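Enquirer:
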Amino acid sequence: MYKFIIKKSRRLLLPYYIAGLISFIGWLFLRSHYPQNILLFPIADTALQLLLMQGSIFNGPLWFLPSYFICTSIVEMIYSYWEKRSNKTQLLLIIILTAFSLYLLSLQIIFPYALDISLLFVSFFLFGIYIKQSLFKLTSIKFIIFLVIFFTTSLINGTIDLNQRQLNIYPLFLISVCSGIAVIFYISKWIDKNNNIFIRPLSYLGEKSILLMIIHWPIIQWLSYFLKISSISDKIGANPTLTSFWLPHTNQPIIRVYVFIFLFFYLSIVLLIFYALDLIFSKKLTKKPSMTNQY
């Protein structure tokens, strides 16, 4: 267990603090220069969020790293007990843990190190193991059914933000998560079986997803800043947000074109920087965090 903790700390906690500190320093400049002062948050409060491993304005997605670290550590500790239990007992434990996690989330308290979210991740992690090992073999028909369920419940339930403890309707959220896990299993198996020139970019991005998650938020903030000071965004009537721009009057054809241009521009720059960093730091930052080989 000690070796596991050290290994996961290097892959998750170390990148968190390195990326967090760099992002924080960049935010110190942006906070007073970003348009409309929308990044002007108290420095002390933001620094505390960094130390407590909570999502913050300087790099929101970073909260996932410590939460995933706690989740995988808990699963590693309980797995030997878990795998000896019957399917019914395993499912009962998942239900109990999920209910307790949702109760904590309903309190709307931002726990240090995202402990409440970590427990919810544990229940989802165990559910993934459960359906992988003992429930069923996915077929194309089942995949389509789960895909329809996933999209339907997701659209009805609206925007989900775990970091803000926004789950909306709990039953719809859980159905969406469970069907989504089944969909991801099917897609993962399909990618493994069809590793061709068209699939390899997806596999590559999947393997490097942690690095991509770490860098995309601050990159987009800086791009938005440069677009603003260059007056490009003003010429098309774009308004800055915390992480990007939104374009009013989207019913106008010219604005629709600009939306796609912005999306393509942001994505291209992020992926180029991501690829350059991957080449430089591939051995240190880009190994995909995973549990032990048995699951």
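For the sequence shown, UniProt numbering begins at 1 and goes up steadily by one. For every residue, glycine included, the Cβ atom is placed at its ideal position computed from N, Cα and C. All of these numbers come straight from a predicted model, not from anything done at the bench.
Taking the CB atoms as reference points, tell me whether Met-77 and Pro-66 lie closer together than 8 angstroms.
Expert: no
Enquirer: Nearest-angstrom Cα distance between Arg-11 and Ile-280?
Expert: 16 angstroms
Enquirer: Within 10 angstroms of the Cβ of Ile-156, are there 16 or more other Cβ atoms? Answer buried if so, exposed if not.
Expert: exposed
Enquirer: Kindly indicate the opening and closing residues of the alpha helix (DSSP H) around Thr-159.
Expert: Looking at the DSSP string, Thr-159 is not in any alpha helix (DSSP H), and its letter there is neither H nor E.
Enquirer: Tell me the DSSP secondary structure of Gln-108 in three-state form.
Expert: coil
Enquirer: From the DSSP output, read off the bridge partner residues of Gln-221.
Expert: Paired residue(s): none; Gln-221 is not in a bridge.
Enquirer: Go to Ser-56, then tell me how far its alpha helix (DSSP H) extends in each direction, as first and last residue.
Expert: In the DSSP annotation of this structure, Ser-56 is not part of any alpha helix (DSSP H), being labelled neither H nor E.
Enquirer: Looking at the structure shown, is Ser-230 part of a helix, part of a strand, or coil, going by DSSP?
Expert: coil
Enquirer: To the nearest angstrom, report how far apart Leu-104 and Asp-116 are at their CA atoms.
Expert: 6 angstroms
Enquirer: How far does the alpha helix (DSSP H) with Ile-6 in it extend, from its first residue to its last?
Expert: 2 to 8
Enquirer: Please work out which residues of its chain come closer than 7 angstroms, Cβ to Cβ, to Val-177, disregarding the five sequence neighbours upstream and downstream, and give them in chain order.
Expert: Phe-124
Enquirer: State the start and end residues of the unbroken alpha helix (DSSP H) segment that holds Pro-42.
Expert: That residue, Pro-42, is in no alpha helix (DSSP H); it is neither H nor E in DSSP.
Enquirer: Excluding five sequence neighbours on each side, which residues of the same chain lie with their C-beta closer than 7 angstroms to the C-beta of Ile-219?
Expert: Ile-269, Val-270 and Ile-273
Enquirer: Mind checking whether Ala-19 and Ile-160 have CB atoms under 8 angstroms apart?
Expert: Taking 8 angstroms as the Cβ cut-off, Ala-19 and Ile-160 do not qualify as a contacting pair.
Enquirer: Over what stretch of residues does the alpha helix (DSSP H) that includes Trp-27 continue unbroken?
Expert: 14 to 33
Enquirer: Assign Thr-89 to buried or exposed, taking buried as 16 or more other Cβ atoms, counted over all protein chains shown, within 10 Å of its Cβ.
Expert: exposed
Enquirer: Output the distance between the C-alpha atoms of Ser-179 and Asn-163, rounded to the nearest integer angstrom.
Expert: Taking C-alpha positions only, Ser-179 is separated from Asn-163 by approximately 21 angstroms.
Enquirer: May I ask which residues mark the beginning and end of the alpha helix (DSSP H) holding Glu-207?
Expert: 200 to 207
Enquirer: Any heavy atom of the ligand PLP within a distance shorter than 7 angstroms of the CB on Phe-24?
Expert: In the structure shown, the ligand PLP is absent, as is every other ligand, since no ligand is present at all.
Enquirer: Smallest Cα separation from Glu-83: which of Ile-184, Ser-209, Ser-224 and Gln-133?
Expert: Gln-133
Enquirer: I'd like the span of the alpha helix (DSSP H) that includes Glu-76, first residue to last.
Expert: 64 to 82
Enquirer: Within 10 angstroms of its Cβ, does Ile-254 collect 16 or more other Cβ (buried), or is it exposed?
Expert: Note that Ile-254 scores a pLDDT of 48, beneath 50, so its modelled location is shaky and nothing firm can be said.
Enquirer: State the Cα-Cα distance for the pair Ser-140 and Ile-175, rounded to the nearest angstrom.
Expert: Those two C-alpha atoms are separated by around 19 angstroms.
Enquirer: Since Gln-49 sits in a beta bridge, which residues does DSSP pair it with?
Expert: None, per the DSSP bridge assignment.
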